[in-house]
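Enquirer: Going down the list, the protein sequences come from chains A and B. Counting from 956, one number per residue, gives the positions in the first sequence under the numbering used here. Counting from 956, one number per residue, gives the positions in the second sequence under the numbering used here.
There are 2 protein chains.
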Amino acid sequence: MPADRGRPEDLKEACVTEALAIIAATGLETLSLREVARRLSVSHQAPYRHFPSRDHILSAVVARAFDHFSAYLDSRQQVPDNPAQDLRGMGLAYLSYADEHPLQYRLMFATPLPNPADHPGMMQSARHAFTLLEQGVARMRATQGQPCTEELVTLDALFIWAALHGLAGIRGGCAITTLRLSSDILGQAPAHLLGRIGQAMGNPCGAKADG
Amino acid sequence: MPADRGRPEDLKEACVTEALAIIAATGLETLSLREVARRLSVSHQAPYRHFPSRDHILSAVVARAFDHFSAYLDSRQQVPDNPAQDLRGMGLAYLSYADEHPLQYRLMFATPLPNPADHPGMMQSARHAFTLLEQGVARMRATQGQPCTEELVTLDALFIWAALHGLAGIRGGCAITTLRLSSDILGQAPAHLLGRIGQAMGNPCGAKADG
DNA sequence: GGGCCGCAGTAGACACCGTCAACTACACCG
DNA sequence: CGGTGTAGTTGACGGTGTCTACTGCGGCCC
């Protein structure tokens, strides 16, 4: 049964899918409930029956992006016997995701939601990804034999997340145009950044990354 | 002559000021050309005489934020005889700015402008800040006596910028609500991050930062 | 000085948007 | 059979960006 054109069976589901398609095609700003309804061959108020407001449909799209992101990080092949390498792989996966799915990435981290507290599913997905990172740091610290507070793990995870998040944002957003960086530099940036993070964490594995 | 209420002398200038005030008061989404005009006691088309579109007035506001940011970084007290310390001071200044002027910071780095290439002044201000950082890195490398390509300086500057930018974004945006981080951790984060950056750059000055 | 032109600002209209309220169609249940 | 709740429709309202046509008004050239 083709649910694409002609009134879809599950309208709520179809709205989210169609909204994402619109955003992908013409940008976040031009997303409108009415356009979604139009594409679904449905009255302009039908989506309103399933979502209290435009923000709620948008947050549903964002939540989906977070799930996609979490699944991506989870499905990455792990290296349990080498936590340092594993952490590096996770960082690489983070940057790869931002590179391969810039739309989803921007939806997650650059979408202005009025009050994120309204949408618990979204927050949970985000928190999940951060917890993965914390666990990676903790495992690495354990093999390094360093004494390590929970607080210190969180701070290090935050440092790593910040660096990854920052680079992803720069690469995806304003790098070439605003900062006028060559795509050559931008291509080297992930490896270099991960190398520097490795050094910062006292990990020799990353030290040789930039020659 | 009070140019605030009653038709302002320089309408173009007044539009930018008033737009910023509106954004500060009620958020970016609710900014409208008509509201700007209303507050300026002017017809809804008057601002349109000075700005081709709503995006252009917004980009003027963003450009102003970039100038503010650049001035802030420039006015920071420098430590010419200790480049490492100087670099750290610059990082601190960066994070301080994001902390003290979250609105301007978000305007600069989290505002969706359709095509930034249209607004050269904006780009120039951003590039200026990045160049400051590159020079800081280059000076530090020089005192370290390390051989250093121009490319490597840029990559390191990019690493530092990414970490700072990432942390600022996390702190200003989604930290407590989405990532559920305590404000205690968040308060420690800048010093810790700068310390880790110091370590990554092979600089002992930052190594003791997190105890 | 008088006509002319360009510029700043005004007024009205258009299409679009989110949202509210009232309505219809229909399945289900007593 | 009537009642009830749910999904969807229709129409309206106020707000928005933008287009077009209009009014003043100061400077400029003849």
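Cβ atoms here follow ideal geometry from the backbone N, Cα and C, with glycine treated the same way. Keep in mind it's a predicted model, so treat the numbers as computed, not measured.
1) Under 8 Å between beta-carbons, which chain A residues line up against B:R1082? List them in chain order, please.
2) Applying a beta-carbon distance threshold of less than 8 Å, which residues of chain B neighbour A:T1109?
3) Measuring CB atoms only, is the segment 1128-1138 of chain B touching the segment 1136-1156 of chain A, in the sense that at least three cross pairs come out at less than 8 Å?
4) Nearest to B:H1003 by alpha carbon, out of B:A1020, B:K967, B:P1035 and B:Y1027?
5) Looking at chain B, which residues of the segment 1145-1157 of chain A have a Cβ within less than 8 Å of any of its Cβ atoms?
6) From what residue to what residue does the alpha helix (DSSP H) around A:G1150 run?
7) Can you name the residues of chain B whose CB is closer than 7 Å to the CB of A:P1057?
8) Would you report the Cα separation of A:G1044 and B:D1139, rounded to the nearest angstrom?
9) Do B:V1017 and B:M1063 have their CB atoms nearer than 8 Å?
10) Checking 8 Å against the spacing of the C-beta atoms, do B:P1057 and B:T1098 come in under that value?
11) Just to confirm before moving on: does the CB-CB distance between B:F1114 and B:Q1059 stay below 8 Å?
12) Could you compute how far the alpha carbon of B:L975 sits from the alpha carbon of A:L1042?
13) Using a C-beta cutoff of 8 Å, does B:I1012 count as contacting chain A?
14) Go ahead and pull the three-state DSSP assignment for B:A980.
15) Using Cβ-Cβ distances below 9 Å, what residues of the segment 1088-1105 of chain B are close to chain A?
16) Taking 8 Å as the cut-off, decide whether the C-beta atoms of A:H1005 and A:L988 are in contact.
17) May I have the straight-line CA-CA distance separating A:G1046 from B:D965, to the nearest angstrom?
18) When you compare the CB of B:E984 with every CB in chain A, is at least one pair closer than 8 Å?
19) Would you mind telling me which residues of chain B sit closer than 8 Å to A:M1045, beta carbon to beta carbon, in chain order?
20) For B:H1083, which three-state DSSP category applies?
21) For the alpha helix (DSSP H) containing B:G1121, name the first residue and the last one.
22) Report the neighbours of A:F1024 on chain B: residues whose CB is nearer than 9 Å to its CB, in chain order.
23) For B:A1118, which residues in chain A fall below 8 Å Cβ to Cβ?
24) Measuring only the C-alpha atoms, how far is B:T972 from A:A1123?
25) Assuming A:L1088 contacts A:A1112 under a Cβ cut-off of 8 Å, what Cβ separation, rounded to an integer in Å, is found between them?
26) At least one CB of chain A closer than 8 Å to the CB of B:F1006: is that the case?
27) In terms of residues, what are the limits of the alpha helix (DSSP H) holding B:E1014?
28) Among residues of its own chain, excluding the 5 on either side of A:A958, which ones have a beta-carbon nearer than 6 Å to its beta-carbon?
29) What would DSSP say about B:A1065, mapped onto helix, strand or coil?
Expert: Inspection of the coordinates gives the following:
1) T1133, L1134 and R1135
2) L1136 and I1140
3) no
4) Sequence check: residue 1003 of chain B is Tyr here, not His. The candidate whose alpha carbon is nearest that of B:Y1003 is B:K967.
5) H1147, L1148, R1151, I1152, Q1154, A1155, M1156 and G1157
6) S1138 to A1155
7) By Cβ distance, chain B contributes nothing, its closest Cβ being about 13 Å from A:P1057, past 7 Å.
8) 29 Å
9) yes
10) no
11) no
12) 42 Å
13) no
14) helix
15) none
16) no
17) 50 Å
18) yes
19) Result: empty, since nearest Cβ-Cβ is about 15 Å, beyond 8 Å.
20) helix
21) E1105 to G1127
22) Simply none; closest approach about 13 Å.
23) F1114, A1117, A1118 and G1121
24) 32 Å
25) 5 Å
26) no
27) Looking at the sequence itself, residue 1014 of chain B is Ser, so the reference to Glu does not match. Per DSSP, B:S1014 belongs to the alpha helix (DSSP H) from R1009 to S1030.
28) Confidence in A:A958 is poor, its pLDDT being 35 and thus under 50, which makes the residue's placement too unreliable to answer from.
29) coil
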